[in-house]
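**Student:** Per the numbering used here: the sequence shown = residues 10 to 216.
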Amino acid sequence: MSTYYLFKLTPTLSSPSQIRALSDLTNDPEIMTDDDNPNIRFVIINTQTRTDSATHLSPGKGLFIPLPTPAAKELSDDKVLGNREMTAPGQNEYPVTYFFYGTLGEPEKLGGVIGLGEVPVLARASVKGGKIKTWGGKYRALVDGSEEDVVEGAMYIVTDKAEEDALRHYEGASYEVVRCEIHTESGEKKQGLTFRWCGQEDLGDVV
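As structure tokens, this is what we get:
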């Protein structure tokens, strides 16, 4: 999996379009602005683009900040919560419904993670075939359970890859994106995605 970096734009490489042309990217890289100084701007780039950018800077110049490894997303028939058989959603299907069971189920937190200018509206929902454990004494982890196990949470429609990438970076490499069947309060069933635990730390029961 490629490592991602925050690269501080410089007078030499001052715009996302320059970075795109430099590495022959399909789209401009995502841009981020410093909260304290809006004149300081960063773009999110991968390892190859970091190498390409460095060749256009003076030796030793350029601020590249490594980002945490994002949650993996490699959807397949066996990447399904609770050993179900599901073939949707697709790997690059957007918009896509996500099920959240921890802090991402808090509207203010979710809005901050994906960079919305307003508090998002979430709908209450649940999934079957999973159960909640904890790690680090406080963090929630969704793992496979029996068909009778139900996890309550919230659902949100992720509109595009940029929002999803932000969510994957927030959750980190101890989680993976898997398919799941989401049940709404009205009884409707939706094919969606969620973050399942795949880390190495010991898990505990929810108290």
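Here a beta-carbon is modelled for each residue, glycine too, at the ideal position from N, C-alpha and C.
1) Span of the beta strand (DSSP E) holding L176?
2) Tell me whether the beta-carbon of E185 lies closer than 8 Å to the beta-carbon of K198.
3) Taking its Cβ as the centre, do 16 or more other Cβ atoms sit within 10 Å of L125, making it buried, or is it exposed?
4) Under DSSP, the beta strand (DSSP E) around R205 begins and ends at which residues?
5) For V159, does the count of other Cβ atoms within 10 angstroms reach 16, so buried, or fall short, so exposed?
6) When the Cα of K147 is compared with those of N36, E102, M164, D211, which residue comes out closest?
7) Quick one, which of T64, D87, L66, L22 has its alpha-carbon nearest V187's?
8) Is there a C-beta anywhere in chain B that falls below 8 Å from the one on P68?
9) In the structure shown, what three-state DSSP assignment does R93 receive?
10) Could you tell me which residues DSSP pairs with R133 in its beta bridges?
11) Specify, as a first and last residue, the run of the beta strand (DSSP E) that E185 falls within.
12) Distance check for E161 and L142, CA to CA, integer angstroms please.
13) In or out: G114 buried (at least 16 other Cβ within 10 Å) or exposed?
14) Please return the same chain residues whose Cβ sits closer than 6 Å to the Cβ of L72, not counting the five positions on each side in sequence.
15) What would DSSP say about I74, mapped onto helix, strand or coil?
16) Excluding the 5 residues flanking E180 on each side, which residues of the same chain have their C-beta closer than 6 Å to its C-beta?
17) Buried or exposed for S195, going by 16 or more other Cβ atoms inside 10 Å?
18) Can you name the residues that DSSP bridges to G121?
19) Confirm, please, whether the CB-CB distance from G201 to Y103 is below 8 Å.
20) The alpha helix (DSSP H) that contains L227, what's its start and end?
**Tutor:** The relevant details are as follows:
1) First-last for L176: 170–180, but that is the alpha helix (DSSP H), not the beta strand (DSSP E).
2) The answer is no: Cβ separation not under 8 Å.
3) Classification for L125: exposed.
4) 198–206
5) exposed
6) D211
7) D87
8) The structure shown contains no chain B; it is built from a single protein chain.
9) coil
10) A163
11) Per DSSP, E185 belongs to the beta strand (DSSP E) from 184–193.
12) Checking the sequence shown, residue 142 turns out to be Lys, not Leu. The alpha-carbon atoms of K142 and E161 are separated by roughly 13 Å.
13) buried
14) K17
15) strand
16) A80, F204
17) Exposed: under 16 other Cβ atoms inside 10 Å.
18) According to DSSP, G121 bridges with nothing at all.
19) If you check the CB distance, Y103 and G201 do not come in under 8 Å.
20) What is shown of the chain runs 10 to 216, which leaves residue 227 out entirely.
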